[in-house]
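Peer 1: Okay, handing you the structure first.
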Amino acid sequence: MQIEKYKIDEANNQQAAAHQRKFDFVAEGVANLDEVMGKLAEFNIAIPSWALGTGGTRFGRFSGGGEPRSLEEKIEDIGVLHALNRSSGAISLHIPWDIPKDAKAIKALAAQHGLRFDAMNSNTFQDQANQPLSYKFGSLQHVDKNVRKQAVEHNIEVIKQGIELGSNALTVWLADGSSFPGQLNFRKAFENTYESLQEIYAAMPDDWKMYLEYKCYEPNFYSTTVADWGQSLLYVNKLGPKAYTLVDLGHHLPNANIEQIVSLLLMEGKLAGFHFNDSKYGDDDLTVGSINPYQLFLIFNELVEGMDARGMNHANDLGWMIDASHNVKDPIEDLLQSVEAIKIAYAQALLVDKKKLVQAQLNNDAALAQEVLQQAYRTDVRPLVAESRLRAGGALDPIGAFRDMQVRSNLIKERGEKTVATGL
Ligand code: PSV
Ligand code: MN
Ligand code: MN
């Protein structure tokens with residue numbers, strides 16, 4: 001399934017006049033229009049290979065039909081996304097859910113769709129068939145050195161696969177922890193984990209980064225061995241310059257001030273990047289921006305401020321990934337919405353009048369500071385994001401185009417009504 005460009009153009013032509021009116025109206029009020037349009041054009045967000053199928057919960061999974069049956073078909077689906085929004089030009093693989101059988105061929109297929117390989121994700125939170133030792137009581141933290149060794153070797157294998165695909169980062173998320181007080185010696189668990197991470201770190205090429213993801217609970221419910229940003233930062237500081245802390249928005253205790261975490265990690269030069277999603281209760285993995293778009297904007301506001309202060313390139317110096325998938329929407333539509341929400345928050349953050357904000361801060365003028373932020377947040381930047389898509393050859397209305405072109409029913413015809421993608 002490939003999206004034909006002329007069909008996107010046809011759809012765009014029908015909306016061109018209305019779009020132009022909306023764009024001109026917003027653009028007139030944007031002092032740094034060229035900067036905003038340039039930055040939006042460059043900004044891409046990686047799609048996780050596990051989000052192309054309907055996500056399950058522990059209570060059930062209801063496949064939506066036409067789900068990708070292989071890594072090749074997942075790449076095709078991301079190709080569809082990227083053709084429509086021109087902002088999903090990378091894929092993040094989970095090993096062993098999506099092991100490339102022939103790395104060269106997979107890399108070539110991805111390139112055909114304009115995709116590169118973003119961070120590789122290892123998986124030591126599930127036991128795989130034929131795996132000699134179990135991760136039931138953890139992986140890198142395990143009391144048994146042999147289990148730790150198996151988990152370290154898996155991570156090294158993932159790095160090797162990533163090298164072949166042209167990736168340059170490894171994301172380590174550990175389910176390690178304990179569910180009951182007394183089950184674990186915290187210090188020894190930390191030391192074992194640190195030692196295992198050191199072995200993985202040593203196996204990474206010099207131009208690679210390790211992204212250490214934290215999560216405060218689940219699947220363990222008493223302690224987690226990389227529980228929060230402070231603990232992740234402790235590990236990555238000890239590990240060295242190639243290790244960074246990854247922020248997954250859903251991995252915090254309720255009401256955590258994530259934007260402050262982001263600001264301080266950036267200040268320390270230790271922010272790896274993001275797993276974007278949204279949540280109301282916990283690690284809900286809901287569509288980005290569906291619950292709390294203001295928080296997302298505040299995070300981007302800190303990102304723009306902090307990255308500019310450090311002279312960083314917004315598009316390339318951090319890892320931008322989505323980590324969301326669930327069980328009621330068409331996964332491609334869901335991802336289109338997530339990418340759009342991220343670009344909207346980014347565009348709003350680019351509109352913040354920084355000089356005025358700094359002045360308000362220096363004057364302790366809290367009311368004016370709020371005005372400045374909300375002036376940007378309440379600007380309808382959707383025409384700017386749409387214009388940037390249009391200029392890059394994408395669709396003005398990606399979900400509308402996806403529906404009009406009947407992409408899903410074509411995928412169902414091609415792949416069948418009852419297909420199930422690998423993943424959670
Ligand atoms: C764990 O909750 C997590 O956020 C990690 O990033 C995993 O790799 C991913 O979800 C699996 O869906
Ligand atoms: Mn994650
Ligand atoms: Mn998660």
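The sequence shown begins at 1 in full-length UniProt numbering and counts up one residue at a time. Quick reminder that beta carbons are idealized off the backbone N, C-alpha and C, glycines included.
(1) Just checking Gly56 against ligand 3 - is the residue's beta carbon closer than 7 Å to any of the ligand's heavy atoms?
(2) Is the segment 85-93 in contact with the segment 122-130, if contact means three or more CB pairs nearer than 8 Å?
(3) Please report the straight-line C-alpha distance between Ala227 and His275, rounded to a whole angstrom.
(4) What is the C-beta distance between Ile47 and Ile78, in whole angstroms, given that I count them as a contact (C-beta under 8 Å)?
(5) For the alpha helix (DSSP H) holding Met210, just list the boundary residues, first then last.
(6) Gly240: which of Leu115, Met204 and Ala256 sits nearest, CA to CA?
(7) Any chance the CB of Trp50 is under 7 Å from a heavy atom of ligand 2?
(8) Which residues share a DSSP beta bridge with Leu271?
(9) How would you write the range of the beta strand (DSSP E) that Ala366 sits in, first residue to last?
(10) Looking at His326 and Leu286, is the spacing between their C-beta atoms short of 8 Å?
(11) Please classify Arg310: is it buried, with 16 or more other beta-carbons within 10 angstroms of its beta-carbon, or exposed?
(12) Arg58 by DSSP, collapsed to three states: which one?
(13) Kindly list the residues whose CB is nearer than 8 Å to the CB of residue 430, restricted to its own chain and excluding five residues on each side of it in sequence; keep chain order.
(14) Please confirm if the segment 7-16 is in contact with the segment 367-379, defined as three or more CB-CB distances below 8 Å between the two stretches.
(15) Hey, out of Glu387, Val420 and Thr419, whose CA is closest to Ala18's CA?
(16) Can you tell me whether Asp173 sits near ligand 2, meaning its C-beta is under 7 Å from at least one heavy atom of the ligand?
(17) Can you look up Val339 in the DSSP assignment and give me helix, strand or coil?
(18) Quick one, are the C-beta atoms of Val26 and Val352 less than 8 Å apart?
(19) Figure out for me which residue from Ile163, Gln198, Trp173 and Leu233 has the closest Cα to the Cα of Trp208.
(20) May I ask you to check if the CB of Asp323 is nearer than 7 Å to at least one heavy atom of ligand 3?
(21) Using 8 Å as the threshold, is the C-beta distance between Val236 and Leu212 below it?
(22) Judging by CA-CA distance, which residue of Leu197, Glu218, Tyr222 and Ser178 is the nearest neighbour of Gly210?
(23) Taking DSSP as the reference, what is the three-state secondary structure of Phe117?
(24) Specify the secondary structure class of Ser178 as computed by DSSP and reduced to three states.
(25) Would Glu73 be called buried (16 or more neighbouring beta carbons within 10 Å of its own) or exposed?
(26) Would you tell me roughly how many angstroms separate the C-alpha atoms of Glu191 and Phe221, rounded to the nearest one?
(27) Is Met307 helix, strand or coil when you go by DSSP?
(28) What alpha helix (DSSP H) runs, 4 residues minimum, are completely inside the segment 125-191?
(29) Rounded to the nearest angstrom, what separates Asn168 and Asp365 at their Cα positions?
(30) So the candidates are Gly273, Leu84 and Gly250; which of them puts its Cα closest to the Cα of Asp317?
(31) Throw me the rounded Cβ distance for the Asp278 and Asn292 pair, which I believe falls under 8 Å.
(32) Report yes or no: do three or more beta-carbon pairs, one from the segment 52-65 and one from the segment 90-109, lie closer than 8 Å?
(33) Under the criterion of a Cβ to heavy atom distance below 7 Å, does Asp334 qualify as lining ligand 2?
(34) So the candidates are Ile322, Ile399 and Ser223; which of them puts its Cα closest to the Cα of Gly250?
(35) Cα separation between Leu165 and Glu195?
Peer 2: Per the coordinate set shown:
(1) Numbered from its first residue, the sequence shown carries residue 56 at position 56. It does not: the Cβ of Gly56 is nowhere closer than 7 Å to a heavy atom of ligand 3.
(2) no
(3) What you label residue 227 is simply residue 227 of the sequence shown in a count that begins at 1. What you label residue 275 is simply residue 275 of the sequence shown in a count that begins at 1. The straight-line gap from Cα to Cα measures roughly 16 Å.
(4) Position 47 of the sequence shown, counted from the start, is the residue given in the question as residue 47. Position 78 of the sequence shown, counted from the start, is the residue given in the question as residue 78. Confirmed, Cβ separation roughly 5 Å.
(5) By one-based count along the sequence shown, residue 210 stands at place 210. No alpha helix (DSSP H) contains Met210, which is instead part of the beta strand (DSSP E) from Lys209 to Glu213.
(6) Translated into positions along the sequence shown, residue 240 becomes position 240. Out of Leu115, Met204 and Ala256, Met204 has the C-alpha closest to the C-alpha of Gly240.
(7) On the sequence shown, residue 50 is found 50 positions in, with the first residue counted as 1. No, since every heavy atom of ligand 2 falls outside the 7 Å radius drawn around the Cβ of Trp50.
(8) By one-based count along the sequence shown, residue 271 stands at place 271. Paired residues: Thr245.
(9) The sequence position of residue 366 within the sequence shown is 366, counting from 1. Note, Ala366: premise wrong, no beta strand (DSSP E); alpha helix (DSSP H) at Ala366 to Tyr377.
(10) Here residue 286 refers to the residue found at position 286 of the sequence shown. Here residue 326 refers to the residue found at position 326 of the sequence shown. Leu286 is a Cβ neighbour of His326, given a cutoff of 8 Å.
(11) In the sequence shown, residue 310 corresponds to position 310, counting from 1. Residue environment analysis places Arg310 among the exposed positions, since fewer than 16 neighbouring C-beta atoms fall within 10 angstroms of its C-beta.
(12) Locating residue 58 in the sequence shown gives position 58, where the first residue counts as 1. Three-state result, Arg58: coil.
(13) The requested residue 430 is not part of the displayed model; the chain covers only 1 to 424.
(14) no
(15) Taking the first residue of the sequence shown as 1, we reach residue 18 at position 18. Comparing Cα-Cα distances from Ala18 to each of Glu387, Val420 and Thr419, the minimum goes to Glu387.
(16) On the sequence shown, residue 173 is found 173 positions in, with the first residue counted as 1. A quick correction: the sequence has Trp, not Asp, at residue 173. Distances between the C-beta of Trp173 and the heavy atoms of ligand 2 include at least one below 7 Å.
(17) Within the sequence shown, residue 339 is the residue found at index 339, counting from 1. Three-state result, Val339: helix.
(18) The count along the sequence shown starts at 1 and reaches residue 26 at position 26. The count along the sequence shown starts at 1 and reaches residue 352 at position 352. The answer is no: Cβ separation not under 8 Å.
(19) In the sequence shown, residue 208 corresponds to position 208, counting from 1. Residue Ile163 is the option with its Cα nearest to Trp208.
(20) Within the sequence shown, the letter at position 323 stands for residue 323. Under cutoff, so the answer is yes.
(21) Your numbering for residue 236 matches position 236 in the sequence shown. Your numbering for residue 212 matches position 212 in the sequence shown. For Val236 and Leu212, yes; Cβs fall inside 8 Å.
(22) Here the question's residue 210 lines up with position 210 in the sequence shown. Just to set this straight, residue 210 is Met in the shown sequence, not Gly. Out of Leu197, Glu218, Tyr222 and Ser178, the CA that lies nearest to the CA of Met210 is found in Leu197.
(23) Sequence index remark: in the sequence shown, residue 117 carries index 117 (1-based). Strand at Phe117.
(24) Position 178 of the sequence shown holds residue 178. Three-state result, Ser178: strand.
(25) The residue given as residue 73 occupies position 73 in the sequence shown. Looking at its Cβ environment, which holds 16 or more other Cβ atoms inside 10 Å, Glu73 is buried.
(26) Numbered from its first residue, the sequence shown carries residue 191 at position 191. Numbered from its first residue, the sequence shown carries residue 221 at position 221. Taking the straight line joining both Cα atoms gives about 20 Å.
(27) As a position in the sequence shown, residue 307 is number 307, starting the count at 1. In the structure shown, Met307 sits in a helix (DSSP, three-state: H, G or I).
(28) Correct list: 145-165.
(29) Counted from its first residue, the sequence shown places residue 168 at position 168. Counted from its first residue, the sequence shown places residue 365 at position 365. Using only the alpha carbons, I get a separation of about 44 Å.
(30) One-based indexing of the sequence shown puts residue 317 at position 317. Residue Gly273 is the option with its Cα nearest to Asp317.
(31) Here residue 278 is taken as the residue at index 278 of the sequence shown, counted from 1. Here residue 292 is taken as the residue at index 292 of the sequence shown, counted from 1. Indeed they touch by this definition, with Cβ atoms about 6 Å apart.
(32) Verdict: no, contact absent.
(33) As a working mapping, residue 334 is identified with position 334 in the sequence shown. Asp334 Cβ: outside cutoff for every heavy atom of ligand 2.
(34) Looking up residue 250 in the sequence shown gives position 250. Here the closest residue by C-alpha is Ile322.
(35) For the purposes of this step, residue 165 is taken as the residue at position 165 of the sequence shown. For the purposes of this step, residue 195 is taken as the residue at position 195 of the sequence shown. Their backbone Cα atoms lie some 27 Å apart in a straight line.
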